[in-house]
Every structure is written in structure tokens, then in C-alpha cells.
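Enquirer:
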Amino acid sequence: MKTPLPPTRRTFLKTLGAAGLAAPFFARNLHAAAPSRVLRHASFGAAGMAFNDIQAIMSNDYVKLVAVAEVDLSRAKALKEKFPDVKVYQDWRVLLDKEARNLDSVNVSTPDHMHAPIAYSAMQLGKHCYCQKPLAHDIHETRVLTRLAREKKLVTQMGIQIHSYKVYRQAVAIVQSGVIGKVKEVHTWSSKKWGDTGRPPQRADTPPKDLNWDLWLGVAADRPFVGDGYYHPGNWRKRLDFGTGTFGDMGCHIFDPVFAALALTAPISVRSEGPAPDAWNWAINARIRYVFPRTPFTAGDTVPVTWYDGDERPPAEIRALIAPPKTGEVTSVDATGKAQKRKRGEDDSQGSIIIGTAGVLHVPHIGAPRLFPVAKFSDFKLPDAEQGHHWSLWADACLNGTKPPSASFDYSGPLTESVLLGSVAVRFPQTTLQWNAADLRFENEKGANAHLRRTYRKGWEIAGL
């Protein structure tokens with residue numbers, strides 16, 4: 004059964020983008036607010052990462068949780084126990100329709116395919132926005148959200164929380180200090196395997212009584228519900244229409260210190276040398292090579308950044324720069340400048356290797372950056388850096404009109420666009436795609452342009468998006 008639009012505003016989705024509605028702009032008032040002003044907040048999503056985001060945002064004493072929207076009401080029970088006064092809606096459109104005048108900010112912590120529709124709709128109403136990574140499912144959506152946040156002068160933040168951690172800030176400072184010289188190349192990877200093969204099971208299961216499957220699908224094409232966790236609550240990350248694969252899940256995290264440290268802009272080309280997805284699922288074991296234009300921190304006219312996931316890793320000669328084979332050998336310098344010995348089973352499952360003209364930096368995910376060769380940097384003390392609370396920095400900026408958080412959409416939008424170029428490149432393996440970021444198109448492979456923007460399901464269109 005199709006879920007009807009909110010009865011009081013059946014044209015909500017179609018008119019929102021064009022007209023922006025006539026909701027009051029709390030954002031203007033908050034820019035001059037005193038610290039004691041309460042930030043009235045709503046969450047889209049109530050469990051999993053959404054529950055983590057809610058608790059982190061609510062750790063700020065000046066935030067009040069007003070409402071949540073959760074398509075699976077069984078997953079809102081724990082939240083309701085912790086916040087008994089919160090209003091729970093199943094339809095996010097109804098929440099915005101009924102609560103717009105009672106809200107100043109939102110977090111969007113849903114599956115990837117609904118990030119843009121919900122964030123865009125809330126931002127059109129003047130609500131500050133904390134959005135999980137990746138910022139959107141598609142590159143077009145990402146560009147629109149970035150532009151809207153700027154036009155509305157909203158306080159935004161993407162959920163790449165390690166961006167505010169001391170260890171990532173140290174990595175950025177090391178590269179920009181020039182201690183490893185100019186950067187020649189970067190290799191970055193994640194061992195996660197958000198992919199699959201084969202068509203979905205050919206059956207139509209009955210959704211659990213508390214799950215509204217039509218609302219869960221949202222803007223995606225209609226299809227029957229399949230149980231046993233095939234889509235919900237977590238395996239949607241593997242599916243083309245709902246998630247963005249391993250690079251979408253972890254790329255925004257692991258590219259982040261590289262993107263920030265090198266002050267990267269949009270890549271000029273991207274090439275996949277790994278497997279292509281099938282008609283339904285992302286593949287695993289990706290190898291995606293980006294080429295970025297030079298910056299003040301890079302050597303040469305361009306700098307290559309290569310992504311690996313699943314069982315793929317950088318070549319052995321690159322890994323050898325940071326991982327001598329013997330347990331017990333001194334291999335790195337820690338955050339205090341003390342030489343560290345390699346531990347048995349040391350986790351190198353996710354991270355980056357940044358190769359400079361004068362040294363190499365290993366940026367683990369998540370751990371203190373390490374400089375190589377050890378003998379050269381044995382007396383080097385890593386720079387100090389503050390440990391920031393990613394969520395509260397955003398809430399404080401919403402309340403006090405302080406400078407935007409460093410992972411605002413002006414930063415995280417271009418970061419996400421770069422990452423999501425991988426989701427297009429994997430569909431055209433062994434093809435170097437020339438990217439024109441200004442015009443949002445590929446210059447040499449017109450078929451690739453069809454994957455920059457989705458067609459939303461009939462009845463779920465949003466004007467302007």
C-alpha cells in the first residue's frame with residue numbers, strides 16, 4: 004500500500020523546493036543568540052547511527068530534542084525510553100509539516116538514499132543541518148545541498164566525526180608544516196566489504212508490523228520487501244539504489260585528512276581498475292585512482308590518490324614504507340614523539356599512506372599519525388592539536404553564530420563529490436573518466452553522466468532537487 008502524502012499539505016514535496024514555504028527563519032535569530040538559548044532539534048532516524056548522533060548532539064546542555072521520524076517504529080523504543088517527551092513520527096514529511104515552527108535544527112541519519120530529500124526539505128525551511136556521511140547518494144544531490152546551505156546561510160556539518168579528533172588534526176598539521184616535503188602520491192584503503200553479487204531473492208515477504216516499507220523506500224523505485232536482513236536494517240549499504248558501497252561508507256572518513264591536508268579541490272580524472280557492480284549490488288575489492296590538480300602542498304602538476312577496499316591493499320613496495328616485517332622492530336613515532344615498536348597483530352585494516360619528497364606519513368583510521376623512516380624522525384614531536392566534539396561544535400555554532408564548523412557543507416560537499424566519483428567510475432572499469440567539476444559532467448564518457456543524478460519515484464519528486 005502506498006503511503007499518502009501528509010493530508011494537510013499534499014503538495015509538500017512538489018512545492019517545497021520552488022517556494023521554500025513560508026516558515027519563519029529561526030536561523031537568522033540564532034546567529035545572534037546568547038549561549039543560553041535552546042536549540043530545538045529533530046532527528047530523522049532513531050536507531051543505529053541516528054541514536055549515536057542524537058545522544059552526541061544532546062550532550063550539549065542547550066539542545067532540546069523535540070521530535071524524531073523513524074520508519075520502523077520498533078527501532079524508536081530505546082530512544083523513547085531515554086527521551087520520554089520526544090514526539091515520534093513515522094513519516095518524515097509529517098514531522099516537517101507539523102513541527103516546522105517548533106524546530107531550529109535537524110540531523111539526518113537515515114540510509115544514504117534519503118539523505119538529500121530529507122536534508123533539502125528541512126534546509127528549505129531554514130533548519131540548520133547535521134547530515135551523516137556521505138552527504139548524499141549522488142553527486143548532483145551533493146552539489147545542490149552544498150549550494151543551498153550557502154544560500155540560506157545555515158550552519159551545517161557532515162558526520163565525519165574523526166575530522167574533529169586530535170589525531171586527524173595532527174595529520175593535517177604535519178603535512179602542511181612541510182616536514183615530509185611536497186606530497187607525491189597517496190594510497191588510502193578500507194578492509195570493509197559493503198558489496199554483494201546476484202539479484203535479490205525473488206519473493207515478497209511481509210514487512211514487520213512496525214516497518215512502513217513504502218516510507219523506507221522513499222525516493223527509490225518500488226520493489227517488494229525481502230526479509231532476513233537483505234535490505235533493513237543494515238545491508239542496504241550493499242545495494243546500488245540505497246547505499247554507496249565501501250567507498251561511500253568509509254571514503255568520506257578516510258579521504259578526509261588527505262583532502263584537508265593537501266587542500267585538494269575536485270579531481271580532474273578518476274579510473275577504476277577493480278570489478279564492476281552488477282545490476283543490484285556494489286562490488287568489493289575496488290581499486291580507484293583519482294588524479295587531482297596540484298596544490299601548495301603537492302609535488303608536480305598533479306597528485307594521484309588511490310583507493311582500495313575489501314581485500315585490496317596498496318602495492319607491497321608502498322606498504323613496506325610503513326610496515327617492517329618483524330614484530331618488535333621500531334616502526335614509528337607516536338603522538339608524544341616516542342619511538343614505537345610494531346605489535347603482533349597490529350591493525351592496518353584502514354588508513355592512508357602519504358608519500359612526500361622528504362618522508363612518509365601513515366595516517367591510521369583511527370590512531371596517531373606515524374612518520375617514516377623512523378631514524379630520520381626519531382626526535383620529531385608531533386604537533387599538538389585540540390580534541391574537538393564534532394557534534395557540539397556544530398550545535399554551538401547554531402546557537403551562537405560562531406564561525407562555521409570545519410566540516411560544513413562547503414568543505415564536506417566537495418569531499419563527498421570526490422568520493423562519489425568512485426561510484427560512477429566502478430561502472431566503467433579500465434576507463435579514465437575526465438571530470439569537469441564546474442559543469443558537473445564527464446567530458447569523454449557521456450554514458451557516465453547518467454549516473455550523476457537519479458530519477459525519483461513518482462509522487463516523491465522534490466522541486467529543485
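For the sequence shown, the tail end lands on 468 under my numbering, and the numbers increase by one without skipping. Backbone N, C-alpha and C define an ideal beta-carbon position, used for all residues, glycine too.
(1) Round the Cβ separation of Ser193 and Gln353 to the nearest angstrom and send it over; I've been treating them as touching at under 8 Å.
(2) Let's test the definition: count the other Cβ atoms within 10 Å of the Cβ of Asn439 and tell me whether it reaches 16, buried, or not, exposed.
(3) Using a Cβ-Cβ cutoff of less than 7 Å, which residues in the same chain neighbour Ala428 once the five nearest sequence positions on both sides are dropped?
(4) Tell me where the beta strand (DSSP E) around Leu42 begins and ends.
(5) Sort Ile142, Trp394, Pro408, Ser421 by Cα distance to Asp64 and report the nearest one.
(6) Determine the direct distance from the alpha carbon of His116 to that of Arg347, and round the result to whole angstroms.
(7) For Ala279 versus Phe431, is the C-beta distance shorter than 9 Å?
(8) What do you reckon, are the CB atoms on His131 and Val158 nearer than 9 Å?
(9) Report the residue ranges of all beta strand (DSSP E) runs contained in full by the region 71 to 154; include only those spanning at least 3 residues, in chain order.
(10) Taking the alpha carbon of Asp244 as the point to measure from, which residue in Asp141, Ile60, Asn288, Asp208 has its own alpha carbon closest?
(11) Pick out whichever of Gly230, Pro114, Val41, Met253 has its Cα sitting closest to the Cα of Ala289.
(12) State the Cα-Cα distance for the pair Gly198 and Ile287, rounded to the nearest angstrom.
(13) For Glu188, list the residues DSSP reports as bridge partners.
(14) So, with DSSP's three-state summary, where would you put Gln353?
(15) Just tell me which of Lys195, Ala53, Gly184, Tyr233 has its CA closest to the CA of Asp208.
(16) Here's the rule: buried if 16 or more other CB atoms are within 10 angstroms of the residue's CB, otherwise exposed. What is Asn284?
(17) Which residue marks the beginning of the beta strand (DSSP E) containing Phe292, and which one marks its end?
(18) Going by Cα to Cα distance, which pick from Arg153, Lys156, Pro120 is closest to Ala139?
(19) From the DSSP secondary-structure annotation, give me the bridge partner or partners of Gln437.
(20) Just to confirm my understanding: we take Leu214, look at its own chain, exclude 5 residues before and 5 after, and list those with CB closer than 6 Å. What are they?
(21) At 3 residues or longer, and completely inside the region 382 to 442: list those beta strand (DSSP E) runs for me, N to C.
(22) Whole angstroms is fine: what's the gap from Ala122's alpha carbon to Tyr171's?
(23) Could you tell me which residues DSSP puts in a beta bridge with Arg242?
(24) For a test of the three-state rule: what should DSSP assign to Arg202, helix, strand or coil?
(25) Within its chain, find whatever has a CB closer than 6 Å to the CB of His166; leave out the 5 residues flanking it on each side and keep chain order.
(26) Determine the direct distance from the alpha carbon of Asp56 to that of Ser396, and round the result to whole angstroms.
(27) Might you give, ordered along the chain, the residues of its own chain that have their beta carbon closer than 7 Å to the beta carbon of Asp225, omitting 5 neighbours on each side?
(28) Ends of the alpha helix (DSSP H) at Asp304?
(29) Could you give the distance in angstroms between the alpha-carbon of Ala35 and the alpha-carbon of Met61?
(30) Straight-line CA distance for Thr405 to Arg153?
(31) May I have the straight-line CA-CA distance separating Trp463 from Ile177, to the nearest angstrom?
(32) Excluding five sequence neighbours on each side, which residues of the same chain lie with their C-beta closer than 7 Å to the C-beta of Pro296?
(33) So what does Lys67 bridge to, in DSSP terms?
(34) Does the beta-carbon distance from Trp216 to Phe228 come in below 9 Å?
(35) Determine the extent of the beta strand (DSSP E) in which Arg322 is found, giving its start and end residues.
(36) Return the residue from the list Ser355, Val294, Pro307 that minimises the CA-CA distance to Arg316.
Expert: Looking at the atomic coordinates:
(1) Between the beta-carbon of Ser193 and that of Gln353 there is about 5 Å, and that keeps the pair under the 8 Å contact cut.
(2) Under the 10 Å beta carbon count, Asn439 is surrounded by fewer than 16 other beta carbons and is classified as exposed.
(3) Correct list, in chain order: Val273, Arg274, Ser275, Ile291, Leu436.
(4) Its beta strand (DSSP E) spans residues 42 to 47.
(5) Taking the Cα of Asp64 as reference, the smallest distance to any Cα among Ile142, Trp394, Pro408, Ser421 is reached at Trp394.
(6) Any answer about Arg347 is weak, because its pLDDT of 40 lies below 50 and its placement is not dependable; what the coordinates show is given next. When rounded, the distance between both Cα atoms is 40 Å.
(7) Yes, the pair counts as a contact, with Cβ atoms nearer than the cut-off.
(8) Yes. Within cutoff.
(9) Here the runs fully enclosed are 90 to 92, 108 to 111, 131 to 134.
(10) The shortest C-alpha separation from Asp244 is found at Asp141.
(11) The residue with the shortest Cα to Cα distance from Ala289 is Met253.
(12) So the two alpha carbons sit approximately 5 Å from each other.
(13) Glu188 is bridged to Ile358.
(14) Gln353 falls in the strand class under three-state DSSP.
(15) Nearest to Asp208 by C-alpha distance, out of Lys195, Ala53, Gly184, Tyr233, is Tyr233.
(16) By the 10 Å Cβ count, Asn284 comes out buried.
(17) Here the sequence assigns Arg to residue 292, which means Phe is not the residue at that position. Judged by DSSP secondary structure, Arg292 falls within the beta strand (DSSP E) whose first and last residues are 290 to 296.
(18) Out of Arg153, Lys156, Pro120, Pro120 has the C-alpha closest to the C-alpha of Ala139.
(19) The secondary-structure analysis by DSSP pairs Gln437 across a beta bridge with Ser272.
(20) Within its own chain, the residues whose Cβ lies closer than 6 Å to the Cβ of Leu214, once the five positions on either side in sequence are excluded, are Asp75, listed in chain order.
(21) Counting whole runs of 3 or more residues, the region 382 to 442 contains the beta strand (DSSP E) stretches 435 to 439.
(22) When only Cα atoms are considered, Ala122 and Tyr171 end up about 27 Å apart.
(23) DSSP output for Arg242 lists Asn284 as bridge partner(s).
(24) Correct three-state label for Arg202: coil.
(25) Asp259, Ala410, listed in sequence order.
(26) What sits at residue 396 in the sequence shown is Leu, not Ser. Leu396 and Asp56: Cα-Cα distance of roughly 13 Å.
(27) Arg460.
(28) In this chain, Asp304 is not harboured by any alpha helix (DSSP H), its DSSP state being neither H nor E.
(29) Low confidence applies to Ala35: its pLDDT is 34, below 50, so where it sits in the model is not reliable enough to give any reading.
(30) Straight-line spacing of the CA atoms in Thr405 and Arg153 works out to 15 Å.
(31) Their Cα atoms are separated by approximately 46 Å.
(32) Cβ neighbours of Pro296 within its own chain (closer than 7 Å, five residues either side excluded): Thr268, Ile271, Thr305.
(33) Lys67 is bridged to Arg43.
(34) Pairing Trp216 with Phe228 gives a Cβ-Cβ distance under 9 Å.
(35) From DSSP, Arg322 is part of no beta strand (DSSP E) but of the alpha helix (DSSP H) over 319 to 322.
(36) Nearest C-alpha to Arg316: Ser355.
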